[in-house]
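Asks:
Residue numbers (the UniProt record's numbering): 1 to 727.
(1) For the pair the stretch 297 to 309 and the stretch 89 to 106, tell me if three or more CB-CB distances fall below 8 Å.
(2) Assuming contact is defined by CB atoms lying nearer than 7 Å, are residue 663 and residue 716 in contact in what I supplied?
(3) Does the pairing of the stretch 420 to 429 with the stretch 530 to 544 give three or more beta-carbon distances under 8 Å?
(4) For my contact list, residue 298 and residue 259 are in at a C-beta cut-off of 8 Å; report their separation, rounded to the angstrom.
(5) Can you tell me which residues form a DSSP beta bridge with residue 454?
(6) Under 6 Å: does the beta carbon of residue 536 sit that close to some heavy atom of the ligand GTP?
(7) Kindly indicate which three-state DSSP category residue 124 falls into: helix, strand or coil?
(8) For a cutoff of 7 Å on Cβ pairs, would you count residue 482 as touching chain B?
(9) Counting only the same chain and skipping the five closest in sequence on each side, list residues whose C-beta sits under 7 Å from that of residue 400.
(10) Use the C-beta contact count for residue 801: other C-beta atoms within 10 angstroms, 16 or more gives buried, fewer gives exposed.
(11) Can you give me the C-alpha to C-alpha distance between residue 47 and residue 426, rounded to a whole angstrom?
(12) Using the C-alpha atoms, what's the distance from residue 127 back to residue 161?
(13) Considering only the alpha carbon of each residue, which of 84, 707, 611, 234 lies closest to residue 653?
(14) I need the boundaries of the beta strand (DSSP E) containing residue 387, first residue and last residue.
(15) Look at the alpha carbon of residue 665 and the alpha carbon of residue 691, and state the distance between them as a whole number of angstroms.
(16) Would you list, in sequence order, the uninterrupted beta strand (DSSP E) runs of no fewer than 3 residues that lie entirely inside the stretch 205 to 288?
(17) Can you have a look at residue 1 and say buried or exposed, based on whether 16 or more other CB atoms are within 10 angstroms of its CB?
(18) Just how far apart, CA to CA, sit residue 3 and residue 66?
(19) Might you give, ordered along the chain, the residues of its own chain that have their beta carbon closer than 7 Å to the beta carbon of residue 54, omitting 5 neighbours on each side?
(20) Of the residues 413, 336, 443, 330, which one's Cα is nearest the Cα of residue 320?
(21) What's the C-alpha gap between residue 579 and residue 702?
(22) Does residue 309 come out as helix, strand or coil in the three-state DSSP assignment?
(23) Three-state secondary structure (DSSP) at residue 468?
(24) Have a look at residue 292 and residue 309 and give me their C-alpha separation to the nearest angstrom.
(25) Closest by CA to residue 712, which one among 689, 656, 671, 648?
(26) Tell me which same chain residues have a C-beta within less than 7 Å of the C-beta of residue 225, skipping the five on either side of it?
(27) Are the Cβ atoms of residue 21 and residue 70 separated by less than 7 Å?
(28) I need the straight-line Cα distance from residue 471 to residue 456, nearest angstrom please.
(29) Helix or strand or just coil, what does DSSP make of residue 476?
(30) On the DSSP letters alone, give me the boundaries of the beta strand (DSSP E) that residue 678 sits inside.
(31) Hey, is the stretch 592 to 601 in contact with the stretch 388 to 408, meaning 3+ C-beta pairs nearer than 8 Å?
(32) Since residue 333 is in the beta strand (DSSP E), which residue starts that stretch and which ends it?
(33) Could you pull out every residue in the same chain whose Cβ sits closer than 8 Å to the Cβ of residue 122, ignoring the five residues on either side in sequence?
(34) Just how far apart, CA to CA, sit residue 700 and residue 17?
(35) Could you give the first and the last residue of the continuous beta strand (DSSP E) run that contains residue 692?
(36) Name the one or two DSSP bridge partners that residue 558 has.
Here it is as C-alpha cells:
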C-alpha cells in the first residue's frame with residue numbers, strides 16, 4: 001500500500017493498439033481489479049477499453065501513473081483466453097494489443113443489459129370480467145412475469161386491456177432480466193437414426209468429448225455423407241456436460257441453412273456471430289456468451305475470439321476452406337488457431353471436410369489427429385458420375401464457352417424437370433475489356449490488375465481495391481466508338497449464353513457481389529433448394545455445403561482455372577473446389593452427373609476427380625510436398641513490404657534481406673515484386689522464408705526485423721506466417 005495516496009496498486013493493462021506489451025496504470029483506492037477485468041483507461045487524449053493482464057508490477061510509484069477510470073461490470077476474460085491471445089500474438093508476430101482488439105469488438109456489451117419492465121399477476125381480481133380479460137388471466141396463471149406486449153400478444157388482446165387490469169391492481173410492475181438471444185438447445189430434442197458408419201464416427205467423437213481433454217478428430221466424409229449430423233452428436237455430448245460449443249463456418253451465406261438444421265436437431269437456433277450481424281445483436285451475443293447464457297455459437301473465424309465462459313468443444317466445418325485465413329492486421333488461420341485454443345483450454349476439437357487439407361491428412365496419418373471416415377452418402381445415395389470434356393476435341397461454338405456435350409446434357413436435364421448447375425469461379429461478365437482498334441486494356445489506376453466488366457451494373461470494377469467506373473461507349477485512348485470487346489467469361493457472360501440456348505428456363509446467377517448482398521443470396525439459395533430455378537450459374541459460393549435436392553447435373557465451365565498460377569497449393573485447392581462443387585449433384589439419391597470442361601484431361605487433379613480416387617491424389621500431393629519440404633513438412637512465411645513508391649518498397653525489402661541472420665535451417669527467397677505488385681496505390685515486394693519444420697521461424701524473422709531498416713515514411717511491413725495466398 002502506498003501511504004497518503006489515493007492509489008493502492010498498479011496493474012498492467014493491455015490496450016487495443018499496436019503496443020508490444022501492456023501499459024501500467026494506477027488502481028484507485030477502493031477499486032478491485034483482477035487479471036482479465038475489462039477496464040476503461042486513458043490513452044493519450046482518449047478513453048479506451050483494455051484488459052487487465054497477467055504479471056506483477058514492481059517498484060513503480062502509483063502516484064506517477066495515470067489511473068484506471070472504470071472497471072466494467074463484466075465477467076473477466078479467463079486465463080485460458082488470455083494465454084490464447086498471447087500465443088496468437090507470439091506465433092503471428094503481431095502486437096498483443098491488436099489480438100486483444102479482436103476480443104474487445106463489442107464495447108457496448110461491457111456493461112450489463114438493462115432489465116425490462118414487466119407485469120406479474122397479483123391476488124386481486126378485476127371489478128368485472130370480460131372474455132378478453134379472462135384470456136389474459138388464463139395466460140398469466142402460474143406467476144410468471146410478462147412484458148406488456150408479450151402478454152397482449154399471447155392472449156390475443158389489445159394493450160388497453162392489459163393497462164386496464166394493471167390500473168385495477170390485478171397486475172403489478174416487476175423487473176425482468178434481459179431475454180436470451182436464443183433459447184437453450186436440447187440435446188435430446190430430435191436424436192437422429194444414424195447409419196452404421198455414421199454411428200461409429202459419432203461414438204468416437206462422443207468418447208473424445210467424454211474424455212474431457214484436448215484431442216483433435218478429423219471427420220473425413222464424402223459430400224452428402226451426413227458429417228453435420230455426426231458432429232452434432234459431439235455437440236450434444238458437450239452440452240450434456242454443461243459446456244459451451246463453438247461451430248466455425250467459412251461463409252456467412254452458409255449460416256442460415258445451418259441454423260435451420262441445428263434447430264431441427266436441438267429445438268433452438270445457436271447464437272450467430274459474423275460481420276453481417278446488426279451491432280445491437282453482436283453486443284447481446286458477446287455479453288451472453290461471456291455470461292454463459294448462449295450455449296452454442298455458429299460463426300465466422302472471428303468467433304474464435306469470443307469470451308466464452310465454459311467453452312468445451314470447437315467444431316471447424318469445411319476445415320480446408322481458405323476463408324478461414326485472415327489476411328488483415330493480424331494474419332492467422334482460424335482452423336489452426338482453433339486447435340491451439342483447444343490445446344490451451346484442454347478440450348476437444350473436431351475438423352470436418354469432404355476434402356481435408358493436406359496438413360490435416362498428414363496430421364491424421366502421423367497419429368496427431370484421430371480420423372473418422374464416412375465413405376458413403378447418407379441413405380445410400382450414389383455419388384455423381386464424373387466425366388471430363390476435352391475442350392480440344394469438343395470445343396464450344398464460336399463466341400461461346402459451353403461445349404456441345406454440356407449443352408446436350410443440360411437440355412436432357414431440363415426435359416426431366418431437374419436442375420443444372422454451371423460453376424465458374426470468376427465474378428462479373430468478363431475479366432478483361434480492350435479496344436479492338438488500338439489494343440487499350442482497361443486497368444485499375446491504383447492496382448496492377450485488369451478491371452472486370454460487370455454488365456448487369458454497367459461498370460468496370462477492380463476486385464482487389466474496389467475501384468469502379470462506368471463502362472464507356474468509346475475507347476478513352478483512341479476515341480473509337482463501339483469497338484470495346486469483352487475477353488473471357490465471367491458468370492454473367494455464361495448466364496447470357498445460357499439464356500440464348502434455353503430462353504424458357506428459369507436461370508439464377510449466384511455471386512457474392514450481386515446487388516442485395518447476403519440477404520438476397522440467402523433468398524436465392526432457398527429458392528433453388530425449393531426447385532424455383534432450372535439452371536444455376538455460380539462462383540465458389542455454390543461449392544460450400546449447400547443441399548439442392550433436385551440438382552442432378554453439375555458442369556464446371558473452366559476446370560483448369562485454378563491451376564494457372566504459381567501457388568504451391570494450386571493442385572490441392574483445385575481438387576477441393578471441383579470435388580465440392582460436383583458434390584452438389586445427386587444428394588437425394590437421383591442419378592446425377594458431373595462434367596468438367598478442361599484442356600488438360602490428363603492432369604493428375606482431373607484424373608483424381610473423374611476416377612473418384614481421392615486417396616491417390618492425396619498420396620501424390622503429400623509426396624510432392626515432402627520432397628519440396630513444403631508445409632506440413634517444412635515451414636513458410638511471407639514478409640510483404642509496401643510503400644507509396646516502388647523505390648521505397650524495394651529498398652526496404654532489400655535492407656531486410658541483408659539483415660537476415662545466418663541460419664542452417666532457414667533461407668530467404670527474394671525480394672521480388674509480388675504477383676500483384678501494385679495494390680491500392682502501394683507498391684509491393686515480397687520475401688519468402690522457407691525452412692525445416694523444427695526451425696525457429698518466428699525468432700529468425702524477429703531478428704531480421706530488429707536488425708533491418710526501421711519503417712519510415714510510407715513503408716509498411718506485414719508478416720504472414722503459414723501463408724495461404726501468394727499474390
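We put the CB at the ideal spot given by N, CA and C, even for glycine.
Replies: On the basis of the coordinates in this document:
(1) The stretch 297 to 309 is in contact with the stretch 89 to 106.
(2) Contact check for residue 663 against residue 716 fails: the beta carbons are separated by 7 Å or more.
(3) The stretch 420 to 429 is in contact with the stretch 530 to 544.
(4) Contact between residue 298 and residue 259 holds: their C-beta atoms lie close to 7 Å from each other, under 8 Å.
(5) Residue pairing by DSSP places residue 454 opposite 459 in a beta bridge.
(6) As far as ligands go, the structure on display features none, and thus does not contain the ligand GTP.
(7) Assignment of residue 124 by DSSP, reduced to helix, strand and coil, places it in the coil class.
(8) Given the protein chain composition of this structure (a single chain), no chain B is represented.
(9) 497.
(10) The structure shown does not extend to residue 801, since the chain is modelled only from 1 through 727, so no value can be given for it.
(11) Whole-angstrom Cα-Cα distance: 45 Å.
(12) Taken atom to atom, the span from the alpha-carbon of residue 161 to that of residue 127 is near 13 Å.
(13) Nearest option by C-alpha distance: 707.
(14) Residues 385 to 390.
(15) Taking the Cα positions, residue 665 is about 5 Å away from residue 691.
(16) Listed in chain order, the complete beta strand (DSSP E) runs (minimum 3 residues) inside the stretch 205 to 288 are 216 to 221, 244 to 248, 271 to 273.
(17) Note that residue 1 scores a pLDDT of 34, beneath 50, so its modelled location is shaky; the value from the coordinates is reported in the next line. Exposed.
(18) Reliability of the predicted coordinates at residue 3 is poor, the pLDDT of 39 falling under 50, and the value obtained from them is presented with this limitation in mind. Between residue 3 and residue 66, the C-alpha separation is close to 17 Å.
(19) 35, 82.
(20) Taking only the C-alpha atoms, the option nearest residue 320 is 336.
(21) Rounded to whole angstroms, the separation of the alpha carbons of residue 702 and residue 579 is 40 Å.
(22) Three-state DSSP puts residue 309 in coil, outside helix and strand.
(23) When DSSP states are grouped into helix, strand and coil, residue 468 belongs to the strand group.
(24) The straight-line gap from Cα to Cα measures roughly 5 Å.
(25) Closest option to residue 712, Cα to Cα, is 648.
(26) The beta carbon of residue 225 is closer than 7 Å to those of 374, 376, 377, 378 in its chain, skipping five residues each way along the sequence.
(27) The answer is no: Cβ separation not under 7 Å.
(28) Residue 471 and residue 456: Cα-Cα distance of roughly 11 Å.
(29) The answer is coil: DSSP assigns residue 476 none of H, G, I, E or B.
(30) Unbroken beta strand (DSSP E) run through residue 678: 666 to 679.
(31) These segments touch.
(32) Its beta strand (DSSP E) spans residues 330 to 333.
(33) The beta carbon of residue 122 sits closer than 8 Å to the beta carbons of 169, 170, 171, 172 from its chain, once the five residues preceding and following it are set aside; these are given in chain order.
(34) Residue 700 and residue 17 have their C-alpha atoms some 24 Å from each other.
(35) Secondary structure note for residue 692: its beta strand (DSSP E) is the uninterrupted segment 682 to 692.
(36) Paired residue(s): none; residue 558 is not in a bridge.
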